[in-house]
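Each residue of the sequence shown is one higher than the one before, counting from 214 in the working numbering.
A short worksheet on the structure shown next.
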Amino acid sequence: QVQLAESGGGLVQPGGSLRLSCTVSANIFSFANVMRLRWYRQAPGKQRELVASIGPGQITNYADSVKGRFTISKDNAKKTVLLQMDSLKPEDTAVYYCNTITAQNTYWGQGTQVTVSS
Numbered sequence: 214q215v216q217l218a219e220s221g222g223g224l225v226q227p228g229g230s231l232r233l234s235c236t237v238s239a240n241i242f243s244f245a246n247v248m249r250l251r252w253y254r255q256a257p258g259k260q261r262e263l264v265a266s267i268g269p270g271q272i273t274n275y276a277d278s279v280k281g282r283f284t285i286s287k288d289n290a291k292k293t294v295l296l297q298m299d300s301l302k303p304e305d306t307a308v309y310y311c312n313t314i315t316a317q318n319t320y321w322g323q324g325t326q327v328t329v330s331s
């Protein structure tokens, strides 16, 4: 069983920055060497979309809409995955979710609201 807990959302003006954090309850070997961790977001009335992912070897992938503005990273010792969001736009407004998939199940956090508005 894996538990994910996001934090760090809030209200920010366009052009501002936020950093989201997701703490993962998994053994440290799996976290560091096996798991691929993802950030998704879901805006009102829209489907949930993949924002960024990071896997073993720190290999990262980003949605085209956030490339150059968002950075995903992880701290293996703290079993935490971070999403640094810079140059935020109103269209980044959404609930952001942390996700991972194991052989047994798909796991989601409870989500954290990000609102970009002046």
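Just so it is clear, CB atoms sit at the ideal spot from N, CA and C, and this is done for glycine as well.
In this model, G229 and A307 are separated by some 15 Å (Cα to Cα). At a Cβ-Cβ threshold of 8 Å, R261 and Y309 do not count as neighbours.
Check the Cα spacing between S286 and each of M298, G324 and T325: the tightest is with M298. Rounded to whole angstroms, A316 and V247 show a C-alpha spacing of 11 Å. Listed in chain order, the non-local C-beta contacts of K280 below 6 Å within the same chain number zero, local neighbours out to five positions each way being set aside. About 7 Å separates the CB atoms of L301 and L231; that is less than 8 Å, so the two are in contact.
In the DSSP assignment, A245 falls within the alpha helix (DSSP H) that extends over I241 to N246. When only Cα atoms are considered, A290 and I314 end up about 20 Å apart. Secondary structure note for T236: its beta strand (DSSP E) is the uninterrupted segment L231 to S238. Annotated three-state conformation of G223 is strand, per DSSP.
By the neighbour-count criterion, in which 16 or more other beta carbons inside 10 Å mark a residue as buried, R249 falls on the exposed side.
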